[in-house]
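Residue numbers (our numbering), protein chains in the order written: chain A, 24 to 412; chain B, 26 to 121. Ideal Cβ placement from N, Cα and C applies to all residues, glycine included. Inspection log for the structure reproduced underneath, given as structure tokens.
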């Protein structure tokens, strides 16, 4: 029987990773990720899982170490946050170019400066174009499920790409939630041992991470882009298999009471559940509103997002990060790009919210939505919701 | 050694660009970058071998008669051999 417990989400993520028969993990502590690494280290030290835990001296070393280990065919894991992710940045596109199935948990936290340890999405957004599969979770259960699924997706023979699971720092990582761990036997069945396409071994030497000049670089990047785009098919297959085995369904774009709604609100990450309460409240008052939740950030689900949003007259996109001097929040930019070629597209509003851990409440959502309903929101630009003026 | 083909299209890029054939870097003839080639004047050469020692490509070798020559498949024309040759037996000549 699946085990249902109350547990801090960061610890639950480590427990879930511990169910995945990993061979090696390298994690450097950083708030609010640290509890993931600490608990994983405990599991190894207590002999509960048979893996190497490498205590590296930085996040740059953590990602580099798991790349090396992954090259030998090992199943590997790391986790980080904010500045740690920024320090890893140099290595991230190398990992995807080498097509190594790394799995990384990200406890999303604002990047400095000013120094701030609380949640927003400004750490993952600069990593957007590094060629990783990027998923967002909304609660502790999803953090467990997607952490386990990630190994299967990343290691699939038609994928072979690194993957990151975005878990809002503090808002999720430090919450104690009721969660259910899948049976170990079923996880073993779901997640067979990794079969790598090439391994570093003295008996059959290969070179990984070789040099390439302009005569091959374009073709190599095209191949990487196609691999990332076509990983969506495998992600969908894995989610289908998960639903059959464990009864919980996942989609690239999920909706909440969105049928026939004239105004759709789009969220990514933990604030989706807060938005649900705002939708309930507004629908009870007779407003035609619904919620859309983006789970798959990369590869961006263009077809799915179009299918959902094209039914609405207006869409309010919320972003937990700023693209400074750009077109608004990064999510809004992608949504607009996805709909640009459609002739009867909805009007899109952009709100930046919840920066550096500022609370996002039900009242914030009802406030933002009412502003759009009343025609007071500015469609020509993006707004910093709740900024003091 | 596999037969040299033209550059592959993107569909044929090996996953992760893994090089499965050890030593295949020798198939890459870096001598194609060269703008100048070293030319030995064996009248001046004293067979000291300093060109052989300093060549960063390892492409200078000694011939049976004791003089030296460069493998032009890999000589990039850097001129280090010419610079180090104290009897001034090596001239760098523009490639046609």
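- By the CB criterion at 8 Å, residue 193 of chain A and residue 297 of chain A fall outside the cutoff.
- Interface residue (Cβ-Cβ distance to chain B less than 8 Å): residue 243 of chain A is classified as such.
- Straight-line spacing of the CA atoms in residue 86 of chain A and residue 45 of chain A works out to 15 Å.
- With 16 or more neighbouring CB atoms inside 10 Å of its own CB, residue 98 of chain A falls in the buried class.
- Burial state of residue 68 of chain A is exposed, judged by a 10 Å Cβ sphere holding fewer than 16 other Cβ atoms.
- Inter-residue distance for residue 250 of chain A and residue 43 of chain A is about 24 Å (C-alpha atoms, whole angstroms).
- Taking 8 Å as the cut-off, the beta carbon of residue 346 of chain A is found closer than this to the beta carbon of residue 356 of chain A.
- With the rule of 3 Cβ pairs closer than 8 Å, the region 173 to 193 of chain A counts as touching the region 122 to 135 of chain A.
- With contacts defined by Cβ atoms closer than 8 Å, residue 48 of chain B and residue 98 of chain B do not form a contacting pair.
- Short of 7 Å from the beta carbon of residue 211 of chain A, and not among the five residues preceding or following it, lies no beta carbon of its own chain.
- Below the 8 Å Cβ cutoff, chain B contributes 40, 41 and 43 as neighbours of residue 220 of chain A, in chain order.
- Contact note: residue 229 of chain A reaches chain B through 43, 44, 45 and 47, using a C-beta cutoff of 8 Å and chain order.
- The C-beta distance from residue 385 of chain A to residue 281 of chain A rounds to 18 Å, too long to meet the 8 Å contact threshold.
- Approximately 19 Å separates the beta-carbon atoms of residue 174 of chain A and residue 320 of chain A; this is outside 8 Å, ruling out the contact.
- Along the region 111 to 135 of chain A, the positions whose C-beta sits under 8 Å from a C-beta of chain B are 120, 121, 122 and 123, read in chain order.
- Here residue 408 of chain A has 374, 376 and 391 as same chain residues with Cβ atoms under 6 Å from its own Cβ, once five neighbours each way along the sequence are excluded.
- The beta-carbon separation of residue 101 of chain A and residue 89 of chain A, rounded to 5 Å, stays under the 8 Å limit for a contact.
- The Cβ atoms of residue 162 of chain A and residue 122 of chain A lie no closer than 8 Å to each other.
- A straight line joining the alpha-carbon of residue 323 of chain A with that of residue 171 of chain A spans about 21 Å.
- Taking the Cβ atoms as the reference, residue 263 of chain A lies roughly 12 Å from residue 213 of chain A, outside the contact range of under 8 Å.
- Three or more Cβ pairs drawn from the region 334 to 344 of chain A and the region 283 to 294 of chain A lie within less than 8 Å of each other, which places the two stretches in contact.
- Taking all protein chains shown into account, residue 405 of chain A has 16 or more neighbouring C-beta atoms within 10 Å of its C-beta and is therefore buried.
- For the region 390 to 405 of chain A, the set of residues with a beta-carbon nearer than 8 Å to any beta-carbon of chain B is empty.
- Judged by their CB atoms, residue 331 of chain A and residue 315 of chain A are nearer to each other than the 8 Å cut-off.
- Against residue 33 of chain B, the close residues of chain A are 239 and 242, in the order they occur along the chain (beta-carbon pairs closer than 9 Å).
- Rounded to the nearest whole angstrom, the CA to CA distance from residue 203 of chain A to residue 28 of chain A is 6 Å.
- Taking every protein chain shown into account, the CB of residue 246 of chain A has 16 or more other CB atoms within 10 angstroms, so this residue is buried.
- Below the 7 Å Cβ cutoff, chain B contributes 42 as neighbours of residue 235 of chain A, in chain order.
- Contacts with chain B (Cβ-Cβ distance below 7 Å) from the region 188 to 210 of chain A involve no residue at all.
- Sequence-distant Cβ neighbours of residue 268 of chain A in its own chain, meaning closer than 7 Å and more than five residues away, are 209 and 213.
- For chain B, none of the residues of the region 86 to 97 of chain A brings a beta carbon within less than 7 Å of one of its beta carbons.
- In the three-state reduction of the DSSP assignment, residue 320 of chain A falls in the strand class.
- Per the coordinates, the alpha-carbon of residue 352 of chain A lies some 5 Å from the alpha-carbon of residue 342 of chain A.
- For residue 311 of chain A, the CB contacts under 8 Å within the same chain, skipping 5 residues up- and downstream, are 283, 284, 285 and 286 in chain order.
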